[in-house]
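*Asks:*
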Amino acid sequence: MGTGRELSKTVATFIVHKIMLDEVGLQHICATPECFFQAASILANMVIALTEQPSTRLLKHVICCYLRLTDDPRACTALQTHLPEALRNGTFSNCLRDDPAARHFLQQLLDKLASPAGAPHQA
17 MGTGRELSKT VATFIVHKIM LDEVGLQHIC ATPECFFQAA SILANMVIAL TEQPSTRLLK
77 HVICCYLRLT DDPRACTALQ THLPEALRNG TFSNCLRDDP AARHFLQQLL DKLASPAGAP
137 HQA
């Protein structure tokens, strides 16, 4: 996911997101702190790379992966302190300007991380 050209990164991230959409896939990634932090580290490195070479399509898939991770209470708690600052501080405002769905997913992510882990979230 973290290496290759934009298209291969996008496809790999899309596939990981689809795996995470399955409850077994999410449970596997969140089964141990090591596995979760490995996935979170790769996503964070992708965010850093996206600050230098923005890609709306890839960023949208990265955001969706983070959003899905918040469905696990332990992962949500960890992301409250480990989400890359670039996703919180408006760094990608221009990149997401023309993609209302991606902006919505990012806002959902930030809203979920702003509330206590395990608390019900509005869609």
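Taking the numbering used here, the leading residue of the sequence shown gets 17, the next gets one more, and so forth.
In this text, a Cβ means the ideal position worked out from N, Cα and C, and glycines have one as well.
Fair warning: this is a prediction, and the values are worked out from it, not measured in the lab.
When the distance is taken between beta carbons, is valine 78 closer than 8 Å to leucine 59?
*Replies:* Yes; because the gap between Cβ atoms is below 8 Å, this pair is in contact.
*Asks:* Heavy atom of the ligand PLP less than 7 Å from the Cβ of threonine 48, yes or no?
*Replies:* The ligand PLP is absent from the structure shown, which contains no ligand whatsoever.
*Asks:* Can you give me the C-alpha to C-alpha distance between phenylalanine 121 and alanine 55, rounded to a whole angstrom?
*Replies:* Using only the alpha carbons, I get a separation of about 19 Å.
*Asks:* Taking Cβ positions, are proline 116 and isoleucine 64 nearer each other than 8 Å?
*Replies:* Taking 8 Å as the Cβ cut-off, proline 116 and isoleucine 64 do not qualify as a contacting pair.
*Asks:* Would you grab the beta carbon distance between cysteine 111 and threonine 72 for me? Rounded to a whole angstrom, and I think it's under 8 Å.
*Replies:* Indeed they touch by this definition, with Cβ atoms about 5 Å apart.
*Asks:* Could you say which of Cys51, Gly106, Ile35, Lys128 lies nearest to threonine 97 if we only look at CA atoms?
*Replies:* The residue with the shortest Cα to Cα distance from threonine 97 is Lys128.
*Asks:* Can you tell me which of the three DSSP states proline 70 falls into?
*Replies:* Looking at proline 70 - three-state DSSP - the assignment turns out to be coil, as it is neither helix nor strand.
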